[in-house]
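Read the structure below first, then the notes.
Number of protein chains: 2
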Amino acid sequence: MKRFFEAKTVALIGASDRATRPGYHLFSNMNAGFGERLYPVNPKLVEIEGRRCYPTILDVPSEIDLAVVFIPARSVPEALEQCAKKGISRVIIESGGFAEAGPEGVALQQKCLQIARNAEMRLWGPNCMGLINVIQKKVLSFMRSHWRDSFIPGTVSLVVQSGMLSAGFLAYVLADSPFGLSKVASIGNKVDVDETELLEYLVDDPDTGVIALYLESLERGRRFFELCRSTDKPIIALKAGRTDLGAQAARSHTASLAQNDEILDAAFRHAGVVRVYDFRELFDVARAFGAWNAPATGRKRVAVLTFSGGAAVLAADSLSDYGMQIATLSESAVAELKKVFPEWMEPANPVDLYPAIERSGPAQALQQALEAVVQDPAVDAVYIHTISGIYTEGADFERIATIARRLEKPLVLWNMGDAAMVAEIRRKLEALGIPVLDEINRGVRALAALTRGR
Amino acid sequence: MKRFFEAKTVALIGASDRATRPGYHLFSNMNAGFGERLYPVNPKLVEIEGRRCYPTILDVPSEIDLAVVFIPARSVPEALEQCAKKGISRVIIESGGFAEAGPEGVALQQKCLQIARNAEMRLWGPNCMGLINVIQKKVLSFMRSHWRDSFIPGTVSLVVQSGMLSAGFLAYVLADSPFGLSKVASIGNKVDVDETELLEYLVDDPDTGVIALYLESLERGRRFFELCRSTDKPIIALKAGRTDLGAQAARSHTASLAQNDEILDAAFRHAGVVRVYDFRELFDVARAFGAWNAPATGRKRVAVLTFSGGAAVLAADSLSDYGMQIATLSESAVAELKKVFPEWMEPANPVDLYPAIERSGPAQALQQALEAVVQDPAVDAVYIHTISGIYTEGADFERIATIARRLEKPLVLWNMGDAAMVAEIRRKLEALGIPVLDEINRGVRALAALTRGR
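For the protein sequence lines, the chains are A and B, in the order given. Counting from 1, one number per residue, gives the positions in the first sequence under our numbering. Counting from 1, one number per residue, gives the positions in the second sequence under our numbering.
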């Protein structure tokens, strides 16, 4: 796997010079990452943007660590034969038209695998978007090149089976609310390289702290779950084809066979994998673990701080859905809270801070309440509801985050408000280890993941 | 109720001239809606922004249809006595500090109710944000006045029990993705006016096509469900305090008593109410019905059009979760689809349009596919996945919407992409009756609501 993610010299078979074509995006992305160490191949072109283009891979005057293939499916076997002759040991086939496209495609895919096996060549794909090494700024994918700017380095690595959806969706999610990524792997039909091999690599990868997977099928499940159990790194899985209807759709897409979902579900649970049900949830939980940057704590007594009784009720319902508890605050914490509340009010968890704000102002109310609950030995985690610019000004989140980190108590903030302010607060707080979500249930879901443990 | 929503001459007891105070927002909002027919009352002020301010309601030299009260709780009974003396028959108490604030508040609330009963005065609140008549541009609420611009007239009426959360959240939801509203009612502790009375009014209100409710408790349930069954207008309900933890939190918030959620759930189902589980879902389903502008159809065979096999699988899983079906396309529809697909591919539902785009271009592929499936007698509804600006250009949605409307087949679009383009497409398509959602499961949820029927 390392040779895929850290290849030094690469070729692109199927480079295009037409800016609207995926083959051009691939060229542009790989050119940005490898420069002179990228060798474009296309028999119809002499050069692309001043870079010499080679008729075949055999004409390339350098050893190649990794070739990316993006040509029509029927031409791929010949290109692979040439890669084998050239002694290339790693190939990513990003073209579609294989097992997902009927019996002819299945045969073509088998033929590719045979060529690779005979040459001791490892194959990635086909029908995928390749890989991105965010830390090293290498994009071996035909995603639109302007999306490169969306990626910021971090600790979350993603493995996705479906190409189109994941890359496009990822780009828009990142544009909306960026979080730090390490490696992104789109593995498509996974004729050779599969999620279990990737998991093996990522579990040991020092640049990866959190692993998030989108899968339509699971290969070598036994080894997969062994790996999950072997690591402290949080693993989050979105498995499509859960239902009969979904499994039918998956069969025609990446030719995946259905698996018994109940058995799979039990296995996920037993292995401590956080199971999620859509892409948004996958990214939410991944970003939360990325910010928290530590394993799940396994302790479930939550203090809820809101500025609205209604939010408190809905948060309590949602916490209950995830098997969490509402902490009974200890006397010392209640005494601390009372200092900012009106005399007539006995504060209790969930804490509605509105009366405290009326009496003591938002900054003091929030700061005092946060310090009281985060230090309360009867509290394991804190859920905070705020409105940007109205109720977030003035509180010393750096101090709170330091205490929370020391006591291993995750904090999650559900923040509403003006989009620009929400983005600014998210950036600031997530750098401190406090995930920021923008819907009540999404915030609770993230907190549940951070506290549930195994 | 009509006298609340269509009051001509109003008073504000507790008007403030300080721009940061809720009492000022109330003044500003009511002033914008009523102008000279608003009479501000505050014994400490002579005028507010050039408008004369009266020491008490008894000094106001006009008959008053409706008084809004926003003064400290302990002073409210005296103000009510004066309203009674003045012959005012409708009063909204927006102040907090009543039943939600302990035994003293409970007593105060009872006292207010007694005064009102003796005077045959109807009370709205306390502990609420009042009402908004979007069609007539009347805002009788202390929400920040710049939020007034977020409201656009439409057919959805909202009833919310919790003030703070709903108004703030509503404003941000509307800023993010506006949809048309008719009336908004925040009823708080509902000492007199309750959701059932409001429902009675809204069911007959010609300006209301869709009714969405956020409730922490349900008063007069029998009559409530009778009304739900009596109308074709879609009714959507978010009930907080579903779980034991939530019910506990609700008790301390609006002093609501817990209700058996299983019984409630069966009643919702029996009465054809769409039950939802958070605010985002409440607004999603409401906006979908607002756009569709017709009752749920009750037919569940869905055609799915995507540009990504992965999206198809996840959509199928989600449709299955909501009890929907994947339509088996009829031969004539398949023949129509084939015209845009490559020869090697037999199109089937869910339809992955990517090969058709490769062959025929996005506009023709989408147009042909949409026409084929929407006219297929084996299809009851259509779920479309698009990416703004890439896969939405060129298709004649107006034509498709007309056919869909005639055949009573709801279409929902799950659209990803650049935020500004997403907003533009949403505006355009929702005006045509096609709801646009921006997450796969949120789109499926909306479509399920439109098709499930009773």
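The beta carbon of each residue, even a glycine, is placed where N, CA and C say it ideally should be. Computed from a predicted structure; not experimentally measured.
Who are residue i's beta bridge partners in DSSP?
{"i": "Thr306/B", "result": "Asp352/B"}
{"i": "Ser186/A", "result": "Gly130/A and Val160/A"}
{"i": "Met416/A", "result": "Ile387/A"}
{"i": "Gly180/B", "result": "Ile152/B"}
{"i": "Ile235/A", "result": "Ile211/A"}
{"i": "Pro40/A", "result": "Leu12/A"}
{"i": "Glu343/A", "result": "DSSP lists no partner for Glu343/A."}
{"i": "Arg51/B", "result": "Ile48/B"}
{"i": "Val436/A", "result": "Leu413/A"}
Using a Cβ cut-off of 8 angstroms, pull out every chain A residue sitting near residue i, in sequence order please.
{"i": "Ala116/B", "result": "Those do not exist, as Ala116/B stays about 24 angstroms from chain A at its closest Cβ, beyond 8 angstroms."}
{"i": "Ile326/B", "result": "Leu245, Gln248 and Ala249"}
Run through chain B and tell me which residues come within less than 8 angstroms of residue i, C-beta to C-beta.
{"i": "Asn441/A", "result": "Tyr277, Asp278 and Arg280"}
{"i": "Thr243/A", "result": "Ala316, Asp317, Ser320 and Asp321"}
First and last residue of the alpha helix (DSSP H) that includes residue i?
{"i": "Gly290/A", "result": "Phe279 to Trp292"}
{"i": "Ala107/B", "result": "Pro103 to Asn118"}
{"i": "Thr155/A", "result": "Thr155/A -> not in any alpha helix (DSSP H); beta strand (DSSP E) instead, spanning Ile152 to Val160."}
{"i": "Ile403/B", "result": "Phe397 to Arg406"}
{"i": "Tyr201/A", "result": "Glu195 to Asp204"}
{"i": "Ile64/A", "result": "Ile64/A -> no alpha helix (DSSP H), and no H or E assigned at all."}
{"i": "Arg229/B", "result": "Gly221 to Ser230"}
{"i": "Lys459/B", "result": "There is no way to answer for residue 459/B, as the model of chain B reaches only from 1 to 454."}
{"i": "Arg3/A", "result": "Lys2 to Phe5"}
{"i": "Glu216/B", "result": "Note, Glu216/B: premise wrong, no alpha helix (DSSP H); not H, not E."}
{"i": "Glu371/B", "result": "Pro362 to Val374"}
May I ask which residues mark the beginning and end of the beta strand (DSSP E) holding residue i?
{"i": "Ser28/B", "result": "Premise fails: Ser28/B lies in the alpha helix (DSSP H), Pro22 to Phe34, not in any beta strand (DSSP E)."}
{"i": "Met121/B", "result": "No beta strand (DSSP E) contains Met121/B, which DSSP labels as neither H nor E."}
{"i": "Ile13/A", "result": "Val10 to Ile13"}
{"i": "Arg299/A", "result": "Note, Arg299/A: premise wrong, no beta strand (DSSP E); not H, not E."}
{"i": "Ile440/B", "result": "Unbroken run through Ile440/B is the alpha helix (DSSP H), Ile440 to Arg452; no beta strand (DSSP E)."}
{"i": "Ile263/A", "result": "Counting along the chain, Ile263/A falls outside any beta strand (DSSP E), though it belongs to the alpha helix (DSSP H) covering Asp261 to His270."}
{"i": "Lys138/B", "result": "Lys138 to Leu140"}
{"i": "Arg90/B", "result": "Arg90 to Ile93"}
{"i": "Val334/A", "result": "Unbroken run through Val334/A is the alpha helix (DSSP H), Glu331 to Lys338; no beta strand (DSSP E)."}
{"i": "Val274/B", "result": "Val274 to Val276"}
Return yes when the Cβ of residue j is within less than 8 angstroms of the Cβ of residue i, no when it is not.
{"i": "Glu195/B", "j": "Arg445/B", "result": "no"}
{"i": "Val467/A", "j": "Ala449/A", "result": "Residue 467/A is absent from the model: chain A starts at 1 and stops at 454."}
{"i": "Leu215/B", "j": "Ala237/B", "result": "yes"}
{"i": "Met416/B", "j": "Phe169/A", "result": "yes"}
{"i": "Ala73/A", "j": "Phe98/A", "result": "yes"}
{"i": "Gln82/B", "j": "Ile57/B", "result": "yes"}
{"i": "Trp344/B", "j": "His385/B", "result": "no"}
{"i": "Phe472/B", "j": "Leu131/B", "result": "What the structure shows of chain B is the stretch from 1 to 454, and residue 472/B is not part of that stretch, so it cannot be assessed."}
{"i": "Leu174/A", "j": "Ala185/A", "result": "no"}
{"i": "Gly14/A", "j": "Asn42/A", "result": "yes"}
{"i": "Val68/B", "j": "Cys112/B", "result": "no"}
{"i": "Asn455/A", "j": "Lys183/A", "result": "With chain A running from 1 to 454 in the structure shown, residue 455/A is simply not present."}
{"i": "Gly188/A", "j": "Gly125/A", "result": "yes"}
{"i": "Asp317/B", "j": "Thr243/A", "result": "yes"}
{"i": "Ala271/A", "j": "Phe341/A", "result": "no"}
Sort the options by Cα distance to residue i and report the nearest one.
{"i": "Ala11/B", "options": "Leu264/B, Ala185/B and Tyr54/B", "result": "Tyr54/B"}
{"i": "Pro355/A", "options": "Cys83/A, His385/A, Leu227/A and Thr306/A", "result": "Thr306/A"}
{"i": "Val382/B", "options": "Glu331/B, Thr392/B and Ile400/B", "result": "Ile400/B"}
{"i": "Cys228/B", "options": "Ile13/B, Ala212/B, Thr243/B and Gly125/B", "result": "Ala212/B"}
{"i": "Pro362/A", "options": "Thr392/A, Val351/A and Glu336/A", "result": "Thr392/A"}
{"i": "Val351/B", "options": "Glu94/B, Leu366/B, Arg21/B and Trp344/B", "result": "Leu366/B"}
{"i": "Phe279/A", "options": "Lys239/A, Ala316/A and Leu199/A", "result": "Lys239/A"}
{"i": "Ser145/B", "options": "Val422/B, Ala171/B and Ile152/B", "result": "Ala171/B"}
{"i": "Arg287/A", "options": "Val334/A, Gly209/A and Val91/A", "result": "Gly209/A"}
{"i": "Gly323/B", "options": "Asn441/B, Glu336/B and Arg452/B", "result": "Arg452/B"}
{"i": "Pro233/B", "options": "Asp207/B, Ala249/B and Gly246/B", "result": "In the sequence as displayed, the identity of residue 233/B is Lys instead of Pro. Looking at the Cα atoms, Asp207/B is the closest of the given residues."}
{"i": "Met129/A", "options": "Val273/A, Thr155/A, Gly154/A and Val91/A", "result": "Val91/A"}
What does residue i touch in chain B if you count any residue whose Cβ is under 9 angstroms from its own?
{"i": "Leu353/A", "result": "Correct list: empty, because the minimum Cβ distance to chain B is about 11 angstroms."}
Can you list the residues of chain B that residue i reaches, using a CB-CB cut of under 7 angstroms?
{"i": "Val313/A", "result": "Glu216, Ala240, Gly241, Gly246, Ala249, Ala250 and His253"}
{"i": "Pro350/A", "result": "Ala249"}
Starting from residue i, find everything on chain A with Cβ-Cβ shorter than 9 angstroms and list it in chain order.
{"i": "Trp344/B", "result": "Gly97, Ala101, Gly102, Glu104 and Gly105"}
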